[in-house]
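Colleague:
2 protein chains.
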Amino acid sequence: MLKLSKKTEYAFMAARHLAMNNSGHYSTAKEIADNCQIPYQLVAKVLQNFARNKIATSFQGAKGGYKLNRLPDNISLIDIIKAVEHNYQVTECMQEDNSKSTCSHLDCCKIRDPLIEIQRKIDNVFVQTSLKQIL
Amino acid sequence: MLKLSKKTEYAFMAARHLAMNNSGHYSTAKEIADNCQIPYQLVAKVLQNFARNKIATSFQGAKGGYKLNRLPDNISLIDIIKAVEHNYQVTECMQEDNSKSTCSHLDCCKIRDPLIEIQRKIDNVFVQTSLKQIL
DNA sequence: TTATATACGACTAATTTAGTCTTATTTATT
DNA sequence: AATAAATAAGACTAAATTAGTCGTATATAA
Ligand code: SF4
Ligand code: SF4
Numbered sequence: 180m181l182k183l184s185k186k187t188e189y190a191f192m193a194a195r196h197l198a199m200n201n202s203g204h205y206s207t208a209k210e211i212a213d214n215c216q217i218p219y220q221l222v223a224k225v226l227q228n229f230a231r232n233k234i235a236t237s238f239q240g241a242k243g244g245y246k247l248n249r250l251p252d253n254i255s256l257i258d259i260i261k262a263v264e265h266n267y268q269v270t271e272c273m274q275e276d277n278s279k280s281t282c283s284h285l286d287c288c289k290i291r292d293p294l295i296e297i298q299r300k301i302d303n304v305f306v307q308t309s310l311k312q313i314l
Numbered sequence: 180m181l182k183l184s185k186k187t188e189y190a191f192m193a194a195r196h197l198a199m200n201n202s203g204h205y206s207t208a209k210e211i212a213d214n215c216q217i218p219y220q221l222v223a224k225v226l227q228n229f230a231r232n233k234i235a236t237s238f239q240g241a242k243g244g245y246k247l248n249r250l251p252d253n254i255s256l257i258d259i260i261k262a263v264e265h266n267y268q269v270t271e272c273m274q275e276d277n278s279k280s281t282c283s284h285l286d287c288c289k290i291r292d293p294l295i296e297i298q299r300k301i302d303n304v305f306v307q308t309s310l311k312q313i314l
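Just so you know, the sequences run in chain order A and B.
Under the numbering used here, think of the first position of the first sequence as 180, with each following residue one higher.
Under the numbering used here, think of the first position of the second sequence as 180, with each following residue one higher.
Written out as structure tokens, the structure is:
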């Protein structure tokens, strides 16, 4: 319960790697997979998510790879999380994509409002921590 | 990801019910299950966890049930969570029962220390919220 | 033209969470 | 003493989520 996914951990590691190798060549998925000892295919997807979400820029083809778009100081952990996870909410009823919320308690739920507040506070933890702080 | 389990949500609901029905009779698992519209067996287990962890006292037999041991003001959400979940940590390597931590990255993990700090902050959110605040 | 890299979706396997079933025990009531 | 109502606890099943793999297409430097 309350556990970060491996995907998110890999995203933190990858972002960290990009931040620390930001001069000259572009970092590749393979390089990061080797360096962080994580599955290539998973990092690859994480990096693609970074590119789609404007956290990094990708360069295709040989000598290609990724580089960060902003300074580590200006990238917060919540940006990284949002790039790779669509459901990082504390309850089912707060998840964005479930347009038709499925929780049967929704009508009469007494704990929802307090949990929205909890969510806000947890969000804040990630908003307030920048990539620079985890280098 | 980062989602509270239904078990924890049910625990919050049950604790809430106990707090609001604290005069006279003891609340039963059935009563709470009906009132909160949650599966009887699950609330039953939650309440047993409350009793084991001294959050509530149980009375067996006919006319039995549960009552809170402390005022809602003196029960924090973290107490409730700890009573029903043994793994509420943000990463595998912080989980208490995994005596032999299984994460293969443990030796060279660069994100562990920052995540321990994140964990501390998230803990704080639950430590600082009391049952009274969610009534 | 080849080697190296990103892009992306489908698929499978593993793990975790949610829920059910069963049996034993305790105690008030009749 | 018998019965009914309740907690106690563990095994089991089902559902959902997460983790990881595979295959194929596309882009680009050399
Ligand atoms: S409505 Fe209540 S029970 Fe349902 S997901 Fe939201 S908080 Fe949890
Ligand atoms: S060691 Fe690192 S990768 Fe492994 S669980 Fe802990 S934080 Fe995550």
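Backbone N, C-alpha and C define an ideal beta-carbon position, used for all residues, glycine too.
At the level of alpha carbons, what is the spacing between B:K259 and B:L247?
Modeller: The sequence as given places Ile at residue 259 of chain B; Lys does not occur at that position. Using only the alpha carbons, I get a separation of about 12 Å.
Colleague: Given a threshold of 16 other Cβ atoms within 10 Å of its Cβ, counted over all protein chains shown, does B:N303 qualify as buried or as exposed?
Modeller: With fewer than 16 Cβ atoms within 10 Å of its Cβ, B:N303 is classed as exposed.
Colleague: List the whole-angstrom C-beta distance separating B:L310 from B:A194, where the pair is believed to meet the contact cut-off of C-beta under 8 Å.
Modeller: 5 Å
Colleague: Identify the continuous alpha helix (DSSP H) that holds A:L226 and give its terminal residues.
Modeller: 219-231
Colleague: Please report how far the alpha carbon of A:G243 lies from the alpha carbon of A:K261, in whole angstroms.
Modeller: When the Cα atoms are used, A:G243 and A:K261 turn out to be separated by approximately 25 Å.
Colleague: Distance check for B:E188 and B:C215, CA to CA, integer angstroms please.
Modeller: 11 Å
Colleague: Closer than 7 Å by beta-carbon distance: list the chain B residues that pair up with A:K300, in chain order.
Modeller: Residues of chain B passing the Cβ test: V304.
Colleague: Could you check whether B:F305 and B:I254 sit closer than 8 Å to each other, using their CB atoms as the reference points?
Modeller: no
Colleague: Report the rounded CA-to-CA distance for B:I217 versus B:I211, giving the unit in angstroms.
Modeller: 8 Å
Colleague: How far does the beta strand (DSSP E) with B:T270 in it reach, from first residue to last?
Modeller: No beta strand (DSSP E) contains B:T270, which DSSP labels as neither H nor E.
Colleague: May I have the straight-line CA-CA distance separating A:T207 from B:D213, to the nearest angstrom?
Modeller: One C-alpha to the other measures close to 56 Å.
Colleague: What residues from the region 264-293 of chain A come within 8 Å of chain B, judged by C-beta to C-beta, listed N to C?
Modeller: E264, N266, Y267, Q268, V269, T270, E271, S283, H284, C287, K289, I290, P293
Colleague: For ligand 2, enumerate in chain order all residues having a CB closer than 6 Å to any of its heavy atoms.
Modeller: A:E188, B:T270, B:E271, B:C272, B:C282, B:H284, B:L285, B:C288, B:I290, B:R291, B:L294
Colleague: Give me the Cα-Cα distance between B:K300 and A:M180, rounded to the nearest whole angstrom.
Modeller: 16 Å
Colleague: Closest to B:K209 by CA distance: which of B:A223, B:N201, B:L197, B:N200 is it?
Modeller: B:A223
Colleague: Quick check on the DSSP output: the alpha helix (DSSP H) that includes B:Y189 runs from which residue to which?
Modeller: It spans 185-199 - the alpha helix (DSSP H) in which B:Y189 sits, taken as one unbroken run.
Colleague: In chain B, which residues lie less than 7 Å from A:F191 when you measure between Cβ atoms?
Modeller: I290
Colleague: Whole angstroms are fine: how far does the CA of A:Q220 sit from the CA of A:Q298?
Modeller: Rounded to the nearest angstrom, the two C-alpha atoms are 31 Å apart.
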